[in-house]
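Chemist: Protein chains in written order, with the working numbering: chain A, 1 to 332; chain B, 1001 to 1332.
2 protein chains.
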Amino acid sequence: MATIYEVAALAGVSLATVSRVMNNSGKVTEKTRQKVLSAIKVLDYTPNSMAQSLASRRSNSVGVLIPELYGPYFGALLSSIENELRDAGKRVIVTAGHSDKAREKDCIEFLLGSSCDALILHVHAVSPDYLIKISQGPVPVILLNGFIAEMADKCINVDNEHGGYVATQSLLDRGHRDLAYISGPVWKTDSFKRLAGHQRALKEAGLEVDRRLIIEGDFEEAGGQAAMTQLLTLGVAFTGVVCANDEMAAGAMEVAREHGLTIPDDVSIIGYDDVYFTRYLNPKLSSIGVHTSEMGRMAARCVLKNTYEQTDLEIQNTFKPHLVLRESVNSR
Amino acid sequence: MATIYEVAALAGVSLATVSRVMNNSGKVTEKTRQKVLSAIKVLDYTPNSMAQSLASRRSNSVGVLIPELYGPYFGALLSSIENELRDAGKRVIVTAGHSDKAREKDCIEFLLGSSCDALILHVHAVSPDYLIKISQGPVPVILLNGFIAEMADKCINVDNEHGGYVATQSLLDRGHRDLAYISGPVWKTDSFKRLAGHQRALKEAGLEVDRRLIIEGDFEEAGGQAAMTQLLTLGVAFTGVVCANDEMAAGAMEVAREHGLTIPDDVSIIGYDDVYFTRYLNPKLSSIGVHTSEMGRMAARCVLKNTYEQTDLEIQNTFKPHLVLRESVNSR
DNA sequence: CGATAGGATGTAACCGCTTACATTTAATCG
DNA sequence: CGATTAAATGTAAGCGGTTACATCCTATCG
């Protein structure tokens, strides 16, 4: 592996000059630039990125922490982040937090210790205070999904309350009056907000919130199954079910079918996230689309703008979810 | 950010000693070790990873190139790789090749220029010669999926021929005689091998290969739909369809259903990869499981063993796919 | 009790680059 | 044509660690 010294020697210039043409910073005569360029080519020189990082105090890598590296939602997120950052020549270091507090902290510290120029975090378990603390440290932090007032301009989030509202409204609009709700774990802000939106929609429609028809699930298919089973043994009538994510909706659909119910004729179901497998379900699941890729891209841009001085980028901090209507919902 | 010099000064020792206790290499008296440790704590010292990398010529990061960062298959792969490597304290730098030759090369060069200690590659388009060339360079390369004789011990792969064979055999075993096959692009080795396995199974059963019943798809749902449409207008009878992946199987199922066919009563269908959404399909798709996570973990271990001297690890290079029987296949 | 071996600690070179500043070279002008 | 100034290039000091080697203790032993 050739070094900058060898290039300088071969080209008959100083290493400062080589550095200049590499980064095309400073002035260099066209003639010497050519000498350097050809020396680089002859030696097949590639700058040592570790030395570059050390000397420039910039690693050109950004750390990403997301709950999981698989699954439709996080896959799309990571994919768009990588795409945007890779095009800008930045490295993406990934870690998975598994929605576990210790693991999330561990990953954050790992990334901070990895000389990342910035962090993009999608966490579930870690406290806002902790996030505020590290965001005040030397390395910039972008929060994906989640809003903290103290770092509002560093947050990319979706309006979950609005999403819950839209989901429920879509059923109300179609004449449904008796709605069940399968929530995610309520300690997760996302779940809580969606539920709040659901309840607001009911109230605005002059309907009462029947607590029995609100079941707390786990964001997994099994939780959706359990919730639906519970709902069906409740003896309380309902014509529509709003689910806080698509996995649970899939589970709910399955149980409904097993109980001899036809979707959407007997019961309408709507999911949330509009994850790509919704189209494999039968009937195809209506859902709430959340611009996942857009958000990932935006987080990446936020980093490019704040950390890598691409100041001309426009940042959108909050995204509005929207209704994606398919076959699982009908009118009364 | 405190440096090792400040720690040394505060502890009243030389920086070499600090370095020794940090890496616990060399001998250090318990007393001085404590002095250093407390100085580290007082200053909240974290070693600068860039400086460490430069001085030790080891970045502790491994580059990963996979076709996509989303989707059930690659998600599982990446997840297991990250998990294994993260536990060993290694950084994972991810890139997506998008099955495009230029992009794949670009990513490989990017990773090579990122001072990675090793590379894990899952490529589609790049040539074997190119892979051999870079594998002879200074940074070790592990090939995920794909076999190249010249670097056999660096290849982690699944026996695709066997997988194709098993898939077809599963239908033959159940009395099917007339089988159609929806292939992936035959220029992809994986597709080619699976098809070869299919044909071997037919021949061993004394059946003729009817070329009309072999359709080349694109590994996407749309391709499966197109292929099934074509098959149904062919006028050649068949009772089972072997698909080279689950996405195409999903597409095929949809078209079959639209044509009024019941699965598996009218036609049995089997997919390949046993990707997680198979369970959302109705009927649930039988498939060929390929130990995706295992392979990812093995690739990571291969790196740990070869590059990070964890010599005690056992490596399995080839994985045998296995049948996962669900509802989409029945007996004649 | 002085020589000695071996363990503990220190010294300094080096990893390969960036960059502020010094120096040289070339262009401009009275 | 020499002085002035700007442009091009060179010099050298870091960046913050690792590590081979030198040096200094201290316990052991004849």
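Backbone N, C-alpha and C define an ideal beta-carbon position, used for all residues, glycine too.
So, is the C-beta of B/Asn1145 closer than 7 Å to a C-beta in chain A?
Modeler: It does not; no Cβ of chain A falls within 7 Å.
Chemist: Does the contact criterion of 3 or more C-beta pairs under 8 Å hold for the segment 1189-1202 of chain B versus the segment 1151-1166 of chain B?
Modeler: Segments in contact, yes.
Chemist: So what does A/Glu318 bridge to, in DSSP terms?
Modeler: Before going further, note that residue 318 of chain A is Thr rather than Glu in the sequence given. Looking at the DSSP assignment, A/Thr318 forms a beta bridge with A/Asn157.
Chemist: For the 8 Å Cβ check, are there 3 or more pairs between the segment 86-105 of chain A and the segment 319-327 of chain A?
Modeler: Verdict: no, contact absent.
Chemist: Between A/Leu144 and A/Met295, how many whole angstroms is the CB-CB distance? I'm expecting something under 8 Å.
Modeler: That belief holds up - the Cβ atoms of A/Leu144 and A/Met295 are roughly 7 Å apart, short of 8 Å.
Chemist: Judging by CA-CA distance, which residue of B/Leu1207, B/Leu1171, B/Glu1216, B/Val1209 is the nearest neighbour of B/Trp1187?
Modeler: Comparing Cα positions, the closest option is B/Glu1216.
Chemist: State the DSSP-derived secondary structure class of B/Arg1020, mapped to helix, strand or coil.
Modeler: B/Arg1020 falls in the helix class under three-state DSSP.
Chemist: Would DSSP call A/Arg326 helix, strand or coil?
Modeler: In this structure, A/Arg326 counts as coil in the three-state DSSP scheme.
Chemist: Would you please state the rounded distance, in angstroms, between the beta carbons of A/Met50 and B/Leu1054? I believe it to be under 8 Å.
Modeler: Indeed, because the Cβ distance is near 4 Å, the residues count as touching under 8 Å.
Chemist: So A/Met241 packs on A/Ile182, CB below 8 Å; how close in whole Å?
Modeler: Looking at the sequence provided, one finds Val at residue 241 of chain A rather than Met. Rounded, the Cβ-Cβ distance is 6 Å, consistent with contact.
Chemist: Please compile the residues from chain B whose C-beta is within a distance smaller than 9 Å of the C-beta of A/Glu208.
Modeler: What A/Glu208 touches in chain B: nothing, since even the nearest Cβ is about 34 Å away.
Chemist: Quick one: Cα of B/Ser1114 to Cα of B/Gly1137, how far?
Modeler: Rounded to the nearest angstrom, the two C-alpha atoms are 14 Å apart.
Chemist: Should the segment 1072-1083 of chain B be regarded as contacting the segment 67-86 of chain A, the criterion being three or more beta carbon pairs within less than 8 Å?
Modeler: Cβ pair count under 8 Å is three or more, so yes.
Chemist: Would DSSP call B/Ala1125 helix, strand or coil?
Modeler: If DSSP states are grouped into helix, strand and coil, B/Ala1125 belongs with coil.
Chemist: Once you ignore the five residues that flank B/Ser1286 on each side, which residues in its own chain have a CB closer than 6 Å to its CB?
Modeler: So the qualifying residues of the chain are Ile1270, Leu1325, Arg1326, Ser1328, Val1329.
Chemist: Determine, using beta carbons only, whether B/Thr1046 comes closer than 7 Å to chain A.
Modeler: Chain A, which has a Cβ nearer than 7 Å to the Cβ of B/Thr1046, makes this yes.
Chemist: Which partner residues does B/Cys1243 have in the DSSP bridge list?
Modeler: According to DSSP, which records beta bridges pairwise, B/Cys1243 is partnered with B/Ile1182.
Chemist: Comparing alpha-carbon positions, which option in B/Ala1118, B/Leu1195, B/Ala1009 lies nearest B/Asn1060?
Modeler: The shortest C-alpha separation from B/Asn1060 is found at B/Ala1118.
Chemist: Given that a residue counts as buried once 16 or more other Cβ atoms are within 10 Å of its Cβ, and exposed if not, what is A/Glu258?
Modeler: A/Glu258 comes out exposed.
Chemist: Under 7 Å, Cβ to Cβ, is there at least one residue of chain B near A/Met50?
Modeler: Yes, its Cβ sits closer than 7 Å to a Cβ of chain B.
Chemist: Would you mind reading off the limits of the alpha helix (DSSP H) that contains A/Arg332?
Modeler: Taken as a continuous stretch (DSSP letters only), A/Arg332 belongs to no alpha helix (DSSP H), as it is neither H nor E.
Chemist: With hydrogens ignored, establish whether the beta-carbon of A/Val275 is closer than 6 Å to any heavy atom of the ligand ATP.
Modeler: The model on display carries no ligand, and the ligand ATP is accordingly not part of it.
Chemist: Would you tell me roughly how many angstroms separate the C-alpha atoms of B/Glu1109 and A/Thr46, rounded to the nearest one?
Modeler: For B/Glu1109 and A/Thr46, the distance between alpha carbons rounds to 10 Å.
Chemist: Can you tell me where the alpha helix (DSSP H) holding B/Gly1000 begins and where it ends?
Modeler: Absent from the structure is residue 1000 of chain B, since the part of chain B shown begins at 1001 and ends at 1332.
Chemist: Are the beta-carbon atoms of B/Asp1273 and B/Val1255 separated by less than 7 Å?
Modeler: Not closer than 7 Å, so no.
Chemist: Can you name the residues of chain A whose CB is closer than 9 Å to the CB of B/Ile1093?
Modeler: What B/Ile1093 touches in chain A: Ser61, Arg91, Val92, Ile93, Val94.
Chemist: State the start and end residues of the unbroken beta strand (DSSP E) segment that holds A/Val94.
Modeler: Run containing A/Val94: 91-96, per the beta strand (DSSP E) assignment.
Chemist: How would you call A/Ser170, buried or exposed, if buried means at least 16 neighbouring beta carbons within 10 angstroms?
Modeler: By the neighbour-count rule (16 or more Cβ atoms within 10 Å), A/Ser170 is buried.
Chemist: Spatial neighbours of A/Gly89 within its chain, please: CB distance less than 8 Å, with the 5 preceding and 5 following residues excluded, ordered by chain position.
Modeler: Only Asn60 meet the Cβ criterion.
Chemist: Going by DSSP, name the residue or residues bridged to A/Ser40.
Modeler: With the sequence shown as reference, residue 40 of chain A is identified as Ile, and Ser is not the correct amino acid for it. Answer is none; A/Ile40 lacks a bridge partner.
Chemist: How far does the alpha helix (DSSP H) with A/Ile263 in it reach, from first residue to last?
Modeler: Per DSSP, A/Ile263 belongs to no alpha helix (DSSP H) and is neither H nor E.
Chemist: Along the chain, where does the alpha helix (DSSP H) containing B/Leu1341 start, and where does it finish?
Modeler: Here chain B comprises residues numbered 1001 to 1332, so residue 1341 of chain B is not present and cannot be evaluated.
Chemist: Chain A partners of B/Pro1138, CB-CB under 8 Å?
Modeler: Within chain A, the residues near B/Pro1138 are Met1.
Chemist: Would you call the CB atoms of A/Ile148 and A/Ile120 closer than 7 Å?
Modeler: Contact flag unset, no.
Chemist: Mind checking which residues open and close the beta strand (DSSP E) that includes A/Ser286?
Modeler: Element bounds for A/Ser286: n/a, residue is neither H nor E.
Chemist: Using a Cβ-Cβ cut-off of 6 Å (strictly less than) and excluding sequence neighbours within five positions of B/Phe1219, which residues of its own chain qualify?
Modeler: Cβ within range, chain order: Gly1184, Asn1245.
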